[in-house]
Amino acid sequence: MIFVDSHCHIDGEAFDGDRDEVVERAKDAGVKMMLTVGTGNPHNGEIERAVEVAERYENVFASVGVHPHDAKEYDEKAENGLIDLVKSSNKVIAWGEIGLDFYYDHSPRETQQEVFIKQIRTASKLDLPIIIHSREADNETVEILTEECGGKNFCGGVMHCFSGTAAMARKLMKIGFLISFAGNVTFKKAENLREAARVVPLDKLLIETDCPFLAPAPFRGRRNEPLYVVETAKFLAEFYGVEVEKLANQTTQNFLDFFKLEMKY
Ligand SMILES: [Zn+2]
Ligand SMILES: [Zn+2]
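Add 67 to the 1-based position in the sequence shown for my numbering, that's all there is to it.
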């Protein structure tokens, strides 16, 4: 049984003390592939760490882009730096996470929207799929994606840590997105999230940890790590009424097909 953690942050400081062990533990449990998503200020070397970590481990890939939190830091220099980073390593397979976060509002909303659109267009030019982050901005996110993602160069994307409605999931799947669920789908009060999960067919589904955040039940509150994606898989398998093996293998295949990758052992 093989799992993929489609969105994690193992390049982050939370894993500086034991990154090798974390990757080893995950692989021992069948989590053989991970996408580590570089975030942070694009001017101080934080995003580069994702690529460095991906280069260090087999089957660990990287995504680079400017998170909506840091949208105010996005300028030409940042963009050129990211493009160079993409070209520097064949382990970079996506652009993101990009999008809108109107919960924290760390950058002005107008700036977030402008920078989101700019990055979608840059990713398309580079033939890279995009990883989307959306918090309390679902209508605006869907609006921008519907507008921007129809072009012939658009490579599709992943709606990460899905937290929207069933209607949003349907709209995004229609325009080329996979839907990725994180540990919060396992939380007791997440009925609305499970309502959305109900409309996502297995062949559009991914699973992720978004670690170090959002550890799934029963590990809620602890530092999350890629190993725990197995818990989310078990939970969703029961929810969909399929064997864990089927859910694991299908979500793995979805990831490999979408990013045109092969699993190396
Ligand atoms: Zn996110
Ligand atoms: Zn993330």
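Using N, Cα and C, we set each Cβ at its ideal position, and we do this for glycine too. Quick caveat, the model's predicted, so the values are computed rather than measured.
* To do: Select from SER174, LEU303, SER155 the residue whose C-alpha is nearest the C-alpha of GLU258.
  => LEU303
* Inter-residue Cα distance where the pair is GLU298 and VAL252 -> 11 Å
* To do: Leaving aside the five residues before and after CYS75 along the sequence, list all residues of the same chain whose C-beta is less than 6 Å from its C-beta, in chain order.
  => MET101, THR103, THR276, CYS278, PRO293
* Can you tell me the Cβ-Cβ gap for ILE246 and PHE229, rounded? I've got them flagged as a contact below 8 Å. => 5 Å
* Residues surrounding ligand 1 [beta-carbon distance to nearest heavy atom under 6 Å] -> GLU164, HIS200, HIS227, CYS228
* Scan the stretch 251-323 and note each continuous beta strand (DSSP E) run of 3 residues or more that stays entirely inside, going in chain order. => 272-274
* Using DSSP with H/G/I as helix, E/B as strand and the rest coil, what is ILE242? -> coil
* Can you list, in chain order, the stretches of the beta strand (DSSP E) that have 3 or more residues and sit fully within the stretch 157-202? -> 159-168, 197-202
* So what does CYS75 bridge to, in DSSP terms? -> THR103
* Asked: Is there at least one non-hydrogen atom of ligand 2 closer than 6 Å to the beta-carbon of VAL104?
  -> yes
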